[in-house]
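**Q**
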Amino acid sequence: MAKKSKSRRRRPEQNGAQPNDRVVARNRRALYQYEVLRRYEAGLSLTGSEIKSVRAGRVSIQEAYCRPRDGELVLVGAHIARYEPSGQANHEPTRDRRLLLHRREIRQLEQAFAQQGLTLVPLRLYLTRGLAKLEIGVGRGRRQHEKREQLAKRDAQRQIERAVRRSTSGD
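The opening position of the sequence shown corresponds to residue 125 in the numbering used here, with each subsequent residue numbered one higher.
1. From the DSSP output, which residues share a beta bridge with Gln288?
2. Note the first and the last residue of the continuous alpha helix (DSSP H) segment covering Leu161.
3. Looking only at C-alpha atoms, which of Leu170, Ala180, Gly241, Ala276 sits nearest to Arg219?
4. If you draw a straight line from the C-alpha of Glu174 to the C-alpha of Arg150, how long is it?
5. Straight-line CA distance for Val198 to Ala180?
6. Could you give the first and the last residue of the continuous alpha helix (DSSP H) run that contains Arg227?
7. By the DSSP assignment, the alpha helix (DSSP H) with Ile175 in it spans what residues?
8. Would you identify the three-state DSSP class for Ala149, choosing helix, strand or coil?
9. Rounded to whole angstroms, what's the CA-CA distance from Glu137 to Asp145? Just pull it up for me.
The structure is reproduced here in structure tokens:
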């Protein structure tokens, strides 16, 4: 009988994250401004000086967004600082960067982008096995009253947790 080969592929945990992933940048404002309906994991096509800056943590995705262009997805507005030791062969900090996804996923994201009221927002940038990955969310913009409700719910939950901690620690 033939031996079963062990799969080298790691099983994703929640939202494609692995326990040894290092989060480089988060877009916390996106979770406040948008209701995230679906999440995708995309690779980033970077130059050598860009990946070195990413590893150094010199990245901002606060003002970034994704959009389809010529049958592929592009990250627009992300700022990756120049890598000083690279000298002349440096990159443009805010250039558009190609996202690496399967064709099926690109089609799904293009359809979501074409729908009225949906947008593609980068949620976090992380390194896994030496590769830069971007978590993209398909989001619907929240109205002002929805944002206030969300803050009120979060505050109420924190107060409940504090009360539970006080009651259990006082015993």
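Glycine is no exception: its CB is placed at the ideal position from the N, C-alpha and C atoms. Owing to the predicted nature of the structure, the values given are computational and were not obtained by experimental measurement.
**A** Here's the rundown:
1. The amino acid at residue 288 is misidentified as Gln; the sequence shows Val. Looking at the DSSP assignment, Val288 forms no beta bridge with any residue, so it has no partner.
2. Looking at the DSSP string, Leu161 is not in any alpha helix (DSSP H); the run it does join, the beta strand (DSSP E), is 158-168.
3. Selected option, being the one with the closest Cα: Leu170.
4. The alpha-carbon atoms of Glu174 and Arg150 are separated by roughly 17 Å.
5. Their Cα atoms are separated by approximately 23 Å.
6. Taken as a continuous stretch (DSSP letters only), the alpha helix (DSSP H) holding Arg227 covers 227-238.
7. For Ile175, the enclosing alpha helix (DSSP H) begins and ends at 172-179.
8. The answer is strand: DSSP assigns Ala149 an E or B state.
9. Legend: pLDDT at Glu137 = 44, less than 50; position of this residue unreliable, no value from coordinates given.
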